[in-house]
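K.L.:
First to last, the protein sequences are chains R and W. Numbers given in this note's numbering equal positions in the first sequence, counted from 1, plus 115. Numbers given in this note's numbering equal positions in the second sequence, counted from 1, plus 115. For every residue, glycine included, the Cβ atom is placed at its ideal position computed from N, Cα and C. For clarity, every value in this text was computed on a predicted model and none was experimentally measured. Below you will find the structure I want to go over with you.
2 protein chains.
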Amino acid sequence: MPSDTRDKLLAHAEILVRTRGYAGFSYADLAEAIGIRKASIHHHFPTKEDLGVALVEAYGRRYDRALAEIERASADGLKRVEAYAALYLHGVTEEQGCLVAAMATELGILPEPMRRGVAEFFERHIAWLTRVLAEARANGTVRKDVTPAHHARMIVAALEGALLMERLLGGAAGFRDTLSALRKSLRQTPPSPLPSGRTRTAPTQARRRERARS
Amino acid sequence: MPSDTRDKLLAHAEILVRTRGYAGFSYADLAEAIGIRKASIHHHFPTKEDLGVALVEAYGRRYDRALAEIERASADGLKRVEAYAALYLHGVTEEQGCLVAAMATELGILPEPMRRGVAEFFERHIAWLTRVLAEARANGTVRKDVTPAHHARMIVAALEGALLMERLLGGAAGFRDTLSALRKSLRQTPPSPLPSGRTRTAPTQARRRERARS
DNA sequence: GACGAACTACCTTTCAGTCGGTAGGCAACC
DNA sequence: GGTTGCCTACCGACTGAAAGGTAGTTCGTC
């Protein structure tokens, strides 16, 4: 029965990491954000590392549930990949990066348990996509020349990279451009003048938004 | 006439950012790394932000030179993309992420001038790749259904993402898997049993390497 | 009365940045 | 040819703020 405060801490800490990075936020920031004293955070998470590990775990579990739901909701391989990509798109619209990506960039100062958690996150996603693609390839949903294991890696990389980049550049529109290219690399037919999916070239303009550090 | 010390500062600061992130290193770290006193760094870069901006500028210029060299060295569109990807591959083998990617993850605490520099870096690369792909498509080197602007975004995203991820996971082998998938998305012919390029599925195993923080 | 969850008060270390000063180089001027 | 003045490069010593973390206490609830 996880306490209400603990959940609030996790939720807000996640936002902080996803917008500023792991080294870029402090217990003081977090305390102020949820209206509690700094010392009280230590009651729930004795060290920042404990909090970091809990964050990766919670984030990973949430994604695991999402992947299961995607598989349940659609049997079509391409739609599954599309739904998977939509998870990242949400990050763009909410102006929040990927938690594990943020941690991965600080690899050099990342405590081992967090490092392991981050690696496992990526591995699970690659494995899942590999399975989805293999299935889709078997029943002809995606091109035969797609190597599931390779393409899975490429898709995760492209989505992580696009989320990272498009928060600064074209926003959702830019992200969808990457998605459109990704779609073409999977789809069976050399496309007839398909009407689905948007095509507009993104404005590619830095959208500045002030976000003062208190 | 940029002093020797200034160059050393830039070189070492770059390494620190690329392994720990921008918020993850301090003037003290940097001072110790090049054997100088902390106060002396302020002589060359009055504030950390000044250093950050200089880093992005130097990094960007180095890449600009590399792009020009790639264009000079080969006229083949696919080979150009391949050479571009090799730049990222070096990051993997040297266990260093991308400087601007590291900065982009800390968007929420990034001073505006740095943010602008990072955005411009990505924009230049996308523009360059768009041009290269458009040319390649025109002379039949890459598939006709490739939309240069979209594919360019996807390529940068995939390479940034792969560099981020594969430092933790499969290393160079994992990176090359993504590359192989990328290649297939561009190449003209539904591939005959091509012998080029490696195919091995990467071990996908976290390679831990201790890197104590002094 | 034991326990969970929060608090006040404090600790040490590190952070970016400041200050005044030193040592050497270089050129002008008398 | 010595002195004066200014420059770059660096230093030791320092500052106030912020970092992560600790100790001991209070308060409400089973």
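Entirely within the segment 134 to 209 of chain W and at least 3 residues each: give me those beta strand (DSSP E) ranges in chain order.
P.N.:
Taking only runs of at least 3 residues, no beta strand (DSSP E) segment lies wholly in the segment 134 to 209 of chain W.
K.L.:
Assign R/R282 to one of three DSSP states: helix, strand, or coil.
P.N.:
Coil at R/R282, not helix or strand.
K.L.:
Any C-beta of chain R within less than 9 Å: which residues of the segment 266 to 287 of chain W qualify?
P.N.:
So the close ones are H266, A267, R268, M269, I270, V271, A272, A273, L274, E275, G276, A277, L278, L279, M280, E281, R282, L283, L284, G285.
K.L.:
By the three-class DSSP mapping on this structure, what secondary structure does R/R258 have?
P.N.:
Looking at R/R258 - three-state DSSP - the assignment turns out to be coil, as it is neither helix nor strand.
K.L.:
Using 9 Å as the threshold, is the C-beta distance between R/F290 and R/L182 below it?
P.N.:
Cβ atoms of R/F290 and R/L182: not closer than 9 Å.
K.L.:
What does a CB cutoff of less than 7 Å around W/K153 pick up in its chain, not counting 5 residues either side in sequence?
P.N.:
Only Y142, A143, A146 meet the Cβ criterion.
K.L.:
Measure the alpha-carbon distance for R/F140 versus W/G192 and round it to whole angstroms.
P.N.:
Rounded to whole angstroms, R/F140 to W/G192 spans 43 Å at the Cα level.
K.L.:
By the 10 Å Cβ neighbour count, where 16 or more other Cβ atoms means buried, how is W/A219 classified, buried or exposed?
P.N.:
Classification for W/A219: buried.
K.L.:
For W/V271, which residues from the same chain have a beta carbon less than 8 Å from its beta carbon, with the 5 sequence-adjacent residues on both sides left out?
P.N.:
F237, H240, I241, L244, listed in sequence order.
K.L.:
How about the segment 293 to 303 of chain W and the segment 256 to 267 of chain W: do they share at least three Cβ pairs that are nearer than 8 Å?
P.N.:
Because the criterion of three Cβ pairs below 8 Å is met, the segment 293 to 303 of chain W and the segment 256 to 267 of chain W touch.
K.L.:
If we count the other Cβ atoms within 10 Å of its Cβ and call it buried at 16 or more, is W/A234 buried or exposed?
P.N.:
Flag for W/A234 reads buried.
K.L.:
Among W/E184, W/G150, W/R268, W/E210, which one has its Cα closest to the Cα of W/L284?
P.N.:
Closest option to W/L284, Cα to Cα, is W/E210.
K.L.:
Counting only Cβ-Cβ distances shorter than 7 Å, please list the residues of the segment 187 to 212 of chain R near chain W, keeping chain order.
P.N.:
Within the segment 187 to 212 of chain R, the residues whose Cβ lies closer than 7 Å to some Cβ of chain W are G212, listed in chain order.
K.L.:
Counting contacts by CB-CB distance shorter than 9 Å, is W/G289 in contact with chain R?
P.N.:
Yes - at least one Cβ of chain R is within 9 Å of the one on W/G289.
K.L.:
Can you find a C-beta in chain W that's less than 9 Å from the C-beta of R/V168?
P.N.:
Answer no: the Cβ-Cβ gap between R/V168 and chain W never drops below 9 Å.
K.L.:
Quick check: R/G223 and W/G136, are their CB atoms within less than 9 Å of each other?
P.N.:
Yes, Cβ-Cβ distance for R/G223 and W/G136 is below 9 Å.
K.L.:
Rounded to whole angstroms, what's the CA-CA distance from R/A251 to W/Y178? Just pull it up for me.
P.N.:
The straight-line gap from Cα to Cα measures roughly 39 Å.
K.L.:
Tell me the rounded alpha-carbon separation between R/A126 and R/I149.
P.N.:
Roughly 10 Å between the two C-alpha positions.
K.L.:
DSSP on W/T319, reduced to helix/strand/coil?
P.N.:
Residue placement at W/T319 cannot be trusted, given a pLDDT of 43 that sits under 50; what the coordinates show is reported in the next sentence. Correct three-state label for W/T319: coil.
K.L.:
Taking only beta-carbon atoms, is R/F237 less than 9 Å away from chain W?
P.N.:
So yes, R/F237 belongs to the interface.
K.L.:
Tell me the DSSP bridge mates of R/R302?
P.N.:
According to DSSP, R/R302 bridges with R/V257.
K.L.:
Among R/L279, R/E281, R/K299, R/R268, whose alpha-carbon lies nearest the alpha-carbon of W/A287?
P.N.:
Here the closest residue by C-alpha is R/R268.
K.L.:
For the alpha helix (DSSP H) that W/L214 lies in, which residues bound it at each end?
P.N.:
First-last of the alpha helix (DSSP H) with W/L214: 214 to 220.
K.L.:
Between W/T293 and chain R, is any beta-carbon pair separated by less than 9 Å?
P.N.:
Interface residue, yes.
K.L.:
Please return the same chain residues whose Cβ sits closer than 8 Å to the Cβ of W/Y174, not counting the five positions on each side in sequence.
P.N.:
E129, L214, V215, F236, listed in sequence order.
K.L.:
Alpha carbon to alpha carbon, how far is R/P228 from R/L294?
P.N.:
Whole-angstrom Cα-Cα distance: 33 Å.
K.L.:
Measure the beta-carbon distance from W/R121 to W/H157 and round it to whole angstroms, keeping in mind my assumption that it falls under 8 Å.
P.N.:
Between W/H157 and W/R121 the Cβ distance is about 12 Å, and since that is not below 8 Å, they are no contact.
K.L.:
Are the Cβ atoms of W/A249 and W/P263 separated by less than 9 Å?
P.N.:
For W/A249 and W/P263, yes; Cβs fall inside 9 Å.
K.L.:
Is the CB-CB distance between R/E281 and R/V196 below 9 Å?
P.N.:
Contact flag unset, no.
K.L.:
Is there a Cβ from chain W that is less than 9 Å from the Cβ of R/V233?
P.N.:
Answer yes: the Cβ-Cβ gap between R/V233 and chain W drops below 9 Å somewhere.
K.L.:
Express the C-alpha separation of W/I185 and W/V168 in angstroms, rounding to a whole number.
P.N.:
The alpha-carbon atoms of W/V168 and W/I185 are separated by roughly 26 Å.
K.L.:
Which chain W residues are close to R/G136, counting only those with a beta carbon under 7 Å from its beta carbon?
P.N.:
Within chain W, the residues near R/G136 are G136, A138, T220, E221.
K.L.:
Does the beta-carbon of W/A296 have 16 or more other beta-carbons within 10 angstroms, so that it is buried, or is it exposed?
P.N.:
Burial call: buried.
K.L.:
Cα separation between R/L170 and W/T134?
P.N.:
Those two C-alpha atoms are separated by around 21 Å.
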